[in-house]
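All letters in the sequence shown, in the order written, are residues 91 to 165 by my numbering. Report on one structure; see the data block that follows.
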Amino acid sequence: MNDQFSLSDVGYVYRVIVGNDIPEQQPDEAKVQKQLALLNRCLTEVPRGRIIGQEKNFYLLNIGEHQVVMQYIVY
């Protein structure tokens, strides 16, 4: 089975964000679950998608005396 993949084969790119990408909002587990479900649907249903890259982003949030690191990934 030849599983070679070339970027010239890409016809459409859809970015799926998994995690909280808006620092002003509190993270919502239900929202993250919906994002994961969308990613899984894109990878399993016809036409089947492929992950061609990842962006890993984070930001530091100061809450009172505490510093919190928030992270999200874009596929």
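Ideal Cβ positions, reconstructed from N, Cα and C, are used throughout, including at glycine.
(Q) Is the beta carbon of Val100 closer than 8 Å to that of Ile142? (A) Sequence index remark: in the sequence shown, residue 142 carries index 52 (1-based). Sequence index remark: in the sequence shown, residue 100 carries index 10 (1-based). Yes, they are a contact pair.
Q: Could you have a look at Asn130 and say whether DSSP puts it in helix, strand or coil?
A: Taking the sequence shown and counting its residues from 1, one reaches residue 130 at position 40. DSSP places Asn130 in helix when its eight states are reduced to three.
Q.
With three or more beta-carbon pairs closer than 8 Å as the criterion, would you say the region 102-111 touches the region 128-143?
A. Enough Cβ pairs lie closer than 8 Å, so yes.
(Q) Using 8 Å for Cβ pairs, my map puts Arg140 next to Phe95. What's the rounded Cβ distance? (A) If you number the sequence shown from 1, residue 140 lands on position 50. If you number the sequence shown from 1, residue 95 lands on position 5. Cβ atoms of Arg140 and Phe95 come within 8 Å of each other, at about 7 Å.
Q: Confirm, please, whether the CB-CB distance from Gln161 to Asn152 is below 8 Å.
A: Indexing the sequence shown from 1 puts residue 152 at position 62. Indexing the sequence shown from 1 puts residue 161 at position 71. No, the Cβ-Cβ distance between Asn152 and Gln161 is not below 8 Å.
Q | Beta-bridge partners of Gly109, as assigned by DSSP | A | Here the question's residue 109 lines up with position 19 in the sequence shown. The partner list for Gly109 (beta bridge, DSSP) reads Tyr162.
Q | Terminal residues of the beta strand (DSSP E) in which Ile153 lies | A | As a first step, residue 153 must be located in the sequence shown, where it is residue number 63. Element bounds for Ile153: Glu145 to Ile153.
Q: For my contact list, Tyr149 and Pro117 are in at a C-beta cut-off of 8 Å; report their separation, rounded to the angstrom.
A: Position 59 of the sequence shown holds residue 149. Position 27 of the sequence shown holds residue 117. Rounded, the Cβ-Cβ distance is 12 Å, inconsistent with contact.
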